[in-house]
Amino acid sequence: RGKAIIAIEPEDCGSLQAVGVEQPIELIAENAFSTTTDERAILPLKAETENFQKQLISRVLKEEQGNWAAAARRLSTDRANLNRIAKRLNIKVVKSVV
Numbered sequence: 080r081g082k083a084i085i086a087i088e089p090e091d092c093g094s095l096q097a098v099g100v101e102q103p104i105e106l107i108a109e110n111a112f113s114t115t116t117d118e119r120a121i122l123p124l125k126a127e128t129e130n131f132q133k134q135l136i137s138r139v140l141k142e143e144q145g146n147w148a149a150a151a152r153r154l155s156t157d158r159a160n161l162n163r164i165a166k167r168l169n170i171k172v173v174k175s176v177v
């Protein structure tokens, strides 16, 4: 049959203390992404996301020597979608004949 449910109340824990915890979780979450005391310096999520995408796509395209298909494979997307994203982010690959 069913077993009894045991409830543990805070007073049952006595003087237990967390080991290895240096600051409360709330404080860690507040400081997780704050690198400056000037809150105005933090960009909106959309701008930060676009900056990240632009840097990542540019780096991968450079590593793949401007090969869109190879870059798309590395980024787990298709070439057409990568081209659309790059166009929106104003990323261009200039190839020259040597």
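Under the working numbering, the first residue of the sequence shown carries the number 80, and numbering increases by one thereafter.
Don't be surprised by glycine CBs; every beta carbon is placed ideally from N, CA and C.
Keep in mind the model is a prediction, meaning the values are calculated, not measured.
Note down the Cα distance separating residue i from residue j, rounded to an integer number of angstroms.
{"i": "ALA150", "j": "VAL177", "result": "22 Å"}
{"i": "VAL139", "j": "LEU124", "result": "22 Å"}
{"i": "CYS92", "j": "ILE121", "result": "41 Å"}
{"i": "ASN130", "j": "ALA165", "result": "12 Å"}
{"i": "ARG163", "j": "VAL172", "result": "13 Å"}
{"i": "GLU142", "j": "SER155", "result": "15 Å"}
{"i": "LYS174", "j": "GLY145", "result": "8 Å"}
{"i": "ILE87", "j": "ALA126", "result": "46 Å"}
Suppose the cutoff is 7 Å on Cβ atoms and the five residues either side in sequence are ignored; what does the same chain contact list for residue i look like?
{"i": "LYS133", "result": "LEU168, ILE170"}
{"i": "GLY81", "result": "none"}
Taking buried to mean at least 16 other C-beta atoms within 10 Å of its own C-beta, is residue i buried or exposed?
{"i": "LEU161", "result": "buried"}
{"i": "ILE136", "result": "buried"}
Near residue i, what residues of its chain come up, given a Cβ to Cβ distance below 6 Å and the 5 sequence neighbours on each side ignored?
{"i": "ARG153", "result": "VAL139"}
{"i": "ARG158", "result": "TRP147, ALA148, ALA151"}
What did DSSP end up calling residue i once you bin it into helix, strand or coil?
{"i": "GLN144", "result": "coil"}
{"i": "THR156", "result": "coil"}
{"i": "ASN169", "result": "coil"}
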